[in-house]
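In terms of my numbering, the sequence shown opens at residue 42 and continues consecutively. Note that the Cβ used here is the ideal one computed from N, Cα and C, for glycine as well. Bear in mind the structure is a predicted one, so any value in this text is a computation, not a measurement. Everything below concerns the one structure shown next.
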Amino acid sequence: MKPTPPGRSPSPDTATSTNVSQTFNQRHAVSQLWDQTIVSETKKKKSTIKCPTCETAVEQDNATFPFCSKQCQMVDLNKWFGGDYKISRPIEQADLDEV
Numbered sequence: 042m043k044p045t046p047p048g049r050s051p052s053p054d055t056a057t058s059t060n061v062s063q064t065f066n067q068r069h070a071v072s073q074l075w076d077q078t079i080v081s082e083t084k085k086k087k088s089t090i091k092c093p094t095c096e097t098a099v100e101q102d103n104a105t106f107p108f109c110s111k112q113c114q115m116v117d118l119n120k121w122f123g124g125d126y127k128i129s130r131p132i133e134q135a136d137l138d139e140v
């Protein structure tokens with residue numbers, strides 16, 4: 042092995058390079074796993090809302106979405122029929138254009 046000139050670092054041997062590479066790969070794998078977990082949790086939060094009638098958590102793929110059940114759908118519909126819910130002003134063309 043050659044002596045290291047003054048002011049220079051010794052060149053890394055193969056074992057050290059391998060250890061650094063393994064450490065980098067492990068950290069990269071952990072980082073990717075963390076990113077996947079965060080994305081998964083974010084999707085779960087976005088896909089679950091509260092039922093407007095009883096405030097139970099409801100998944101977007103539920104057949105009665107945004108309600109948790111057929112019963113909550115009927116309770117809400119009954120509130121419309123009973124006059125509990127009202128449209129505060131007449132519908133204008135601008136409102137229809139937004140839809």
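The segment 106 to 114 and the segment 122 to 138 do not touch, with fewer than three beta-carbon pairs separated by less than 8 Å. Boundaries of the beta strand (DSSP E) around A98: 98 to 100.
Under the DSSP assignment, K120 falls in the alpha helix (DSSP H) whose first and last residues are 111 to 123.
For the pair P131 and N119, the Cα-to-Cα distance works out to about 21 Å.
For P93, the closest alpha carbon among the candidates Q101, Q77, D117, W75 is that of D117.
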